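Worksheet: the structure to be examined is printed underneath.
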Amino acid sequence: MKTFKFLIRLLSVLTLISAVAVADSTRPNIVLIMVDDMGFSLYPHETGIGWMTTDQGAPGYRGRLNDECVTIAEVLGDAGYFTIMTGKWHVGFTHGVTPVRRGFDRSLNLPAGGLHFSDQTGSKGDTKLFLNGSEVSRNDPQFAPPWYGTDLWTEQGLKFTSEAEAAGKPFFWYLGHVAPHFPCMAPEESIERYRGHYLQGWDRLREDRYARQIKMGLIDPAWQLEPRPEEIPAWNSLSRDDQARYDDMMAIYAAMIDEVDRNIGKIVDELRARSLLDNTLILFLSDNGGNAESGVSGRYKGEHPGDQHSDVFIGRCWAHLNNTPFRKYKHYNHEGGIASPLIAHWPAAITSRGGPDKWIRTPTHVIDIMATCIDVAECTYPRERKGRRIKSLRGQSLQPLLTGKGNFPQRPLFWEHEGNAALRVDGHKLVRQGVNGRWELFDVEADRTEQHDLAAGKPAMVSALSAEWAKWARDVNAIPKPKKKRSKSVN
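With the working numbering, letter number 426 in the sequence shown gets 734, and the count goes up by one each step, no holes.
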């Protein structure tokens with residue numbers, strides 16, 4: 309569940325298409341790329357997922373997609389799109405909710421995450437692989453093992469897009485990368501490129517990134533850099549051995565992102581070679597902020613950390629760097645847990661809006677992704693499907709922000725994740741840590757890094773906004789949160 313800004317990257321000369329054209333030759337292909345643990349929390353409760361994939365015994369927390377929602381694939385598939393999914397599924401596979409059953413024509417997926425190598429024996433080494441709903445060996449010759457997952461999801465997805473092209477259909481491809489989620493693993497040659505890059509340490513690198521963000525125009529210079537939390541040691545206080553270990557941990561993580569970047573380049577190059585790039589909308593986003601799990605020190609296990617037999621987590625120290633300039637991490641609804649950019653590319657329809665790499669600062673939400681896909685595909689969101697009543701669409705299309713045509717009205721934005729809560733409206737954000745935590749209030753237009761809590765001086769606003777959040781939470785089954793003890797689940 310995530311807010312984000314747009315970086316509209318114009319990689320070629322732009323031309324406009326008519327908004328009224330409906331032929332398959334003009335409806336765009338859509339590639340939705342999601343990375344894991346770079347910054348974007350879920351919006352799960354009305355679909356019934358709630359908390360990972362564990363059934364908590366309450367309507368909003370059943371651990372799987374329910375029958376009162378539709379997927380993007382179901383809506384676009386009904387309208388003639390060829391629908392594709394590769395990578396991490398994690399919305400109820402063990403409960404029978406598979407890509408094939410939720411609208412995808414072709415899929416190669418993991419039930420959850422954690423698997424990076426075909427011959428992985430470390431953490432998550434027992435994860436299974438499924439092709440079009442049927443279990444398939446990770447060593448199946450058609451996948452040319454040994455493989456690295458980021459390559460496999462890309463290459464198999466591109467093969468599926470060729471099927472769509474042969475069928476004369478536009479395609480929707482959801483690419484759910486496992487990277488850079490723990491356990492952190494990457495090809496050795498990629499890791500080696502980054503070893504030594506992080507010996508400057510998190511203190512210096514965070515200041516450098518903050519300065520670069522300001523220079524790029526990405527953040528307002530008035531937003532103060534969130535100080536290093538007390539539990540994170542100063543880099544210069546560490547021994548050389550500890551610094552070397554931390555450097556290697558971050559090199560592994562960086563290599564995972566490098567592999568994602570390289571494979572996105574592969575997608576762009578192939579779509580361009582097939583003359584499909586100009587009329588393909590590519591959206592890149594993440595599911596939440598940097599992951600601080602495994603504590604301050606992280607985890608660094610294995611004879612060769614970063615390979616398929618190891619177990620590496622980057623920990624809180626590097627997560628603090630990765631979420632620059634914000635507070636907190638994945639799990640929380642402070643900006644470090646929910647704020648990330650959305651990168652959009654669609655040469656046939658995105659106007660220049662002032663030039664390449666243009667930032668649009670309008671606050672938006674992950675719920676807007678479905679509305680956007682439906683809008684650009686010229687589909688209609690159903691009130692019912694196959695005899696089932698479908699919950700209303702809460703998001704709104706981002707197409708006015710992409711094309712510069714039409715209005716994008718602002719509205720309150722809500723979050724709930726693992727007992728943490730937030731509401732953003734009219735430039736203010738109310739946020740709470742934990743079910744029983746105290747509400748904090750921030751002017752996020754002037755103080756996006758949440759350094760100056762205004763709650764004590766504005767009790768009436770806190771009361772009104774917290775009541776508004778509670779009403780929303782009841783409406784979407786986010787509360788009451790089940791008291792049942794959480795059982796072990798997968799990541």
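Glycine is no exception: its CB is placed at the ideal position from the N, C-alpha and C atoms. Keep in mind the model is a prediction, meaning the values are calculated, not measured.
N-terminal and C-terminal residue of the alpha helix (DSSP H) that residue i is part of
i: Trp747; result: Not the alpha helix (DSSP H): Trp747 falls in the beta strand (DSSP E), residues Trp747 to Asp751.
i: Arg732; result: Note, Arg732: premise wrong, no alpha helix (DSSP H); beta strand (DSSP E) at Asn728 to Val733.
i: Asn630; result: Gly623 to Asn630
i: Ala679; result: Asp676 to Val684
i: Glu376; result: Element bounds for Glu376: n/a, residue is neither H nor E.
i: Arg740; result: Premise fails: Arg740 lies in the beta strand (DSSP E), His736 to Arg740, not in any alpha helix (DSSP H).
i: Pro708; result: Gln707 to Thr711
i: Tyr456; result: No alpha helix (DSSP H) holds Tyr456; DSSP gives it neither H nor E.
i: Arg501; result: Glu496 to Tyr502
Residue i (DSSP reduced to helix, strand or coil)
i: Phe412; result: coil
i: Tyr689; result: coil
i: Arg669; result: strand
i: Glu601; result: coil
i: Val576; result: helix
i: Ala474; result: helix
i: Asp528; result: coil
i: Tyr637; result: coil
i: Glu643; result: helix
i: Gly614; result: coil
i: Asn417; result: strand
i: Ala652; result: strand
i: Leu591; result: strand
i: Thr362; result: Residue confidence is low: Thr362 scores 34 on pLDDT, short of 50, so the model does not pin down where it sits. Its coordinate-derived value is still stated next. In this structure, Thr362 counts as coil in the three-state DSSP scheme.
i: Tyr518; result: helix
i: Ile787; result: coil
i: Phe490; result: coil
i: Asp761; result: coil
i: Ser797; result: Confidence is the limiting factor: at Ser797 the pLDDT is only 44, short of 50, which leaves the residue's position unreliable, though a coordinate-based value still follows. Residue state, collapsed to three classes: coil.
i: Ala562; result: helix
i: Arg512; result: helix
i: Phe295; result: The chain is shown only over 309 to 799; residue 295 falls outside these bounds and no answer can be derived.
i: Pro352; result: Only weak support is given to the placement of Pro352: the predicted model assigns it a pLDDT of 30, under 50, and the question is left unresolved by the model.
i: Lys432; result: coil
i: Asp619; result: strand
i: Thr394; result: strand
i: Arg582; result: coil
i: Arg756; result: coil
Where the beta strand (DSSP E) containing residue i begins and where it ends
i: Ala768; result: Where Ala768 is concerned, there is no enclosing beta strand (DSSP E), although the alpha helix (DSSP H) it sits in stretches over Pro767 to Asp783.
i: Gly388; result: First-last for Gly388: undefined, no H or E at that position.
i: Leu721; result: Leu721 to His725
i: Ile341; result: Asn337 to Val343
i: Glu534; result: Here Glu534 belongs to no beta strand (DSSP E), and DSSP marks it neither H nor E.
i: Leu483; result: Phe479 to Gly484
i: Ser445; result: Taken as a continuous stretch (DSSP letters only), Ser445 belongs to no beta strand (DSSP E), as it is neither H nor E.
i: Arg607; result: Arg607 to Lys609
Cβ-Cβ distance between residue i and residue j below 8 Å
i: Asn417; j: Gly395; result: yes
i: Phe750; j: Asp734; result: no
i: Leu423; j: Lys432; result: yes
i: Thr462; j: Ile575; result: yes
i: Gly703; j: Ile677; result: yes
i: Gly597; j: Tyr637; result: yes
i: Ala452; j: Phe412; result: no
i: Ala559; j: His505; result: yes
i: Phe634; j: Thr711; result: no
i: Ala487; j: Asp344; result: yes
i: Pro690; j: Pro478; result: no
i: His642; j: Val739; result: yes
i: Ala786; j: Glu724; result: yes
i: Gly623; j: Asn631; result: no
For residue i, the nearest candidate out of the options (CA to CA)
i: Ser426; options: Asp615, Lys638, His725 and His653; result: Asp615
i: Pro541; options: Trp481, Glu578 and Gly606; result: Gly606
i: Pro708; options: Asn337, Pro690, Asp683 and Lys699; result: Asp683
i: Tyr518; options: Leu533, Gly509, Trp455 and Leu507; result: Leu533
i: Trp654; options: His639, Leu591 and Pro491; result: Leu591
i: Phe262; options: Ser445, Ser583, Ser470 and Gly573; result: There is no way to answer for residue 262, as the model of the chain reaches only from 309 to 799.
i: Ile776; options: Lys737, Glu758, Ala754 and Met342; result: The question names Ile, yet the displayed sequence has Glu at residue 776. Cα-wise, what sits closest to Glu776 is Lys737.
i: Gln626; options: Arg512, Gly727, Gly610 and Arg719; result: Inspection of the sequence shows that residue 626 is occupied by Trp rather than by Gln. When each option's Cα is compared against that of Trp626, the closest is Arg512.
i: Ala778; options: Leu731, Gly742 and Asp386; result: Leu731
i: Phe722; options: Leu773, Met769 and Gln759; result: Leu773
i: Trp747; options: Gly610, Asn631, Glu539 and Pro767; result: Pro767
i: Thr672; options: Pro720, His489 and Ser618; result: Pro720
i: Phe490; options: Met393, Met342, Ala552 and Asp619; result: Asp619
i: Ile338; options: Glu753, Ala685, Met769 and Gly441; result: Ala685
i: Phe390; options: Glu376, Ser415, Gly404 and Ser445; result: Ser415
i: Asp556; options: Arg503, Ser705 and Pro495; result: Arg503
i: Asp536; options: Glu601, Ser583, Trp510 and Thr688; result: The sequence given here has Arg at residue 536, not Asp. For the residues Glu601, Ser583, Trp510 and Thr688, the minimum Cα distance to Arg536 belongs to Trp510.
i: Ser498; options: Gly476, Glu567, Ala474 and Asp434; result: Glu567
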